[in-house]
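Working notes, structure below.
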Amino acid sequence: MRRLLLALSLSAGLASGAFAQNAEIEANISAQIQAFKADDFATAFTFASPNIQRLFGDPNNFGAMVRNGYPMVWRPADVRFLELREVAGALWQKVMITDGDGRVHLLDYQMIQQEGGWKINGVQVLGNSDPAA
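The opening position of the sequence shown corresponds to residue 127 in the numbering used here, with each subsequent residue numbered one higher.
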C-alpha cells in the first residue's frame with residue numbers, strides 16, 4: 127500500500143511539474159505573439175533564444191523576418207496550443223494559428239530552457255491544416 131501511495135504521489139508531482147512547464151512555455155509564446163501584434167519588436171525579441179538573437183542581431187531585423195516570413199504569427203486572428211512533446215531531447219510546442227483570412231496554420235516552436243526561463247529557439251511551419259487549401 128505504501129508503495130502505491132508513493133508511486134501515486136510521485137506521478138502527481140511529475141504531472142504538476144509538466145503542467146507548470148507547459149503553462150510557462152505557452153505564456154512565453156503568447157507574450158511574444160502579443161508583442162508582435164503591438165509591433166513591439168524589442169519585447170518580442172526578448173522571448174527569442176540567444177542563438178536567435180545573435181542570428182538577427184537586433185529587434186528590427188527580427189521583426190522584419192517575422193512580418194515577411196511568418197505573417198500568421200505577426201497578425202494572428204486566433205492562437206491555440208496543441209501538444210507539447212519531446213523530440214530527440216528537444217521540447218516542441220505545436221501551435222495552431224488562424225490568420226486574418228481564416229486560414230489555419232500549424233507551427234512547431236522549439237523551446238529551450240535558459241537561466242531566466244524558457245526561450246523560443248526556432249519556429250517551423252508544419253503546413254496549412256485547412257482542408258479547403
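C-beta atoms are modelled at their ideal positions from N, C-alpha and C, and glycine is treated no differently.
Taking 4 residues as the shortest admissible run, the stretch 149 to 229 contains the following complete alpha helix (DSSP H) segments, listed from N- to C-terminal end: 167 to 172, 176 to 182, 185 to 195, 197 to 200. Taking a cut-off of 8 Å on C-beta distances, the stretch 185 to 197 touches the stretch 160 to 174, as three or more cross pairs fall below it. Judged by their CB atoms, residue 206 and residue 200 are not nearer to each other than the 7 Å cut-off. Cβ contact annotation for residue 148 (same chain, cutoff 6 Å, sequence separation greater than five): 210, in chain order. The Cβ neighbour count for residue 202, taken over all protein chains shown within 10 Å, is at least 16; the residue is labelled buried.
Scanning its chain for C-beta atoms nearer than 6 Å, with the 5 sequence neighbours on each side dropped, one finds around residue 245 the residues 175, 238, in chain order. No Cβ-Cβ contact shorter than 7 Å links residue 196 with residue 219.
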